[in-house]
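Asker:
In the working numbering, the protein residues as written are 13 to 224.
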């Protein structure tokens, strides 16, 4: 089994690679590679899309690697390969991003990526640091995860999901902030699982074992 972490020059992938590789070794989850090679993505059994920075820049960078982008679409939409988006990689799953300017997303999960606006104006944006997950719906990637488990966030925008059934978890930051989205063979994490200690590593392991 091969898990491909897509490298489209949008973020430091070292820590994610190490975390996925560690859990793959622990559970016998096959090989994990960081790659910008469309052929590797096309034959991968699982796809991971990280992302750091602004929504428009990340989408432009992804589409700028046209062969890589097409291979990812075919793997996820055409072949039904399990997919995980992380941070901005999750946000790109949305219909539309509203950071700086309106930018079309992948439209895999219906909704818009909007700025976080806490009801308590004293709370800072970006939302940075540890927060307690509130599980909204069961999912195989949540096996062994419960409401109250901690995850590590760094973001100023989050996804306003159109279909409540596709928001799988949120956190309370003086108002609901989407933490996990998903449907079918796709899941997205707003937080960084590779930086979220035991809970994050457990979700990585669950993803590597997931067979939607």
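The beta-carbon is built from N, C-alpha and C at its ideal position, and this holds for glycine as well. Predicted model only: the values in this text are computed from it and were never measured.
From residue 137 to residue 170, what distance separates their C-alpha atoms?
Answerer: Within the chain shown, residue 137 is the residue found at index 125, counting from 1. Within the chain shown, residue 170 is the residue found at index 158, counting from 1. Roughly 11 Å between the two C-alpha positions.
Asker: Go ahead and pull the three-state DSSP assignment for residue 92.
Answerer: Counting from one through the chain shown, the residue named residue 92 turns up at place 80. Secondary structure at residue 92: coil, using DSSP grouped into helix, strand and coil.
Asker: Can you list, in chain order, the residues of its chain whose CB lies under 6 Å from that of residue 92, leaving out five sequence neighbours each side?
Answerer: Counting from one through the chain shown, the residue named residue 92 turns up at place 80. Excluding sequence neighbours, residue 92 sits near 197.
Asker: Looking at the structure shown, is residue 116 part of a helix, part of a strand, or coil, going by DSSP?
Answerer: Here residue 116 is taken as the residue at index 104 of the chain shown, counted from 1. In the structure shown, residue 116 sits in a strand (DSSP, three-state: E or B).
Asker: In this structure, does DSSP put residue 48 in helix, strand or coil?
Answerer: Position 36 of the chain shown, counted from the first residue, corresponds to residue 48. Coil at residue 48, not helix or strand.
Asker: Taking the alpha carbon of residue 60 as the point to measure from, which residue in 224, 223 and 216 has its own alpha carbon closest?
Answerer: Locating residue 60 in the chain shown gives position 48, counting from the first residue. Comparing Cα positions, the closest option is 216.
Asker: Determine the burial state of residue 160: buried for a count of at least 16 other Cβ atoms within 10 Å of its Cβ, exposed for fewer.
Answerer: Looking up residue 160 in the chain shown gives position 148. Exposed, because fewer than 16 other Cβ atoms sit within 10 Å of the Cβ of residue 160.
Asker: Are residue 130 and residue 222 close, meaning C-beta to C-beta below 8 Å?
Answerer: Here residue 130 refers to the residue found at position 118 when the chain shown is read from its first residue. Here residue 222 refers to the residue found at position 210 when the chain shown is read from its first residue. Cβ distance not < 8 Å, so residue 130 and residue 222 don't count as in contact.
Asker: Let me know the secondary structure DSSP gives residue 192 once reduced to three states.
Answerer: Looking up residue 192 in the chain shown gives position 180. Correct three-state label for residue 192: strand.
Asker: Can you pull the DSSP bridge partners for residue 171?
Answerer: The residue you call residue 171 lines up with position 159 of the chain shown. Residue 171 is bridged to 125.
Asker: Reducing DSSP to helix, strand and coil, say where residue 26 ends up.
Answerer: As a working note, residue 26 is residue 14 in the chain shown. DSSP places residue 26 in helix when its eight states are reduced to three.
Asker: My output table needs one value for residue 143: the three-state DSSP class, helix, strand or coil.
Answerer: Translated into the one-based positions of the chain shown, residue 143 becomes position 131. Strand at residue 143.
Asker: What residue from 19, 141, 117 and 81 has the CA that sits closest to residue 162's CA?
Answerer: Here residue 162 corresponds to residue number 150 of the chain shown, with the count starting at 1. With distances taken between Cα atoms, residue 162 lies closest to 141.
Asker: In whole angstroms, give me the CA-to-CA distance for residue 220 and residue 41.
Answerer: Looking up residue 220 in the chain shown gives position 208. Looking up residue 41 in the chain shown gives position 29. Counting only the Cα atoms, residue 41 lies some 6 Å from residue 220.
Asker: Mind reading off the beta-carbon distance from residue 44 to residue 29? Whole number of angstroms is fine, and I expect it under 8 Å.
Answerer: Position 32 of the chain shown, counting from 1, holds the residue named residue 44. Position 17 of the chain shown, counting from 1, holds the residue named residue 29. That pair is a contact at about 7 Å.
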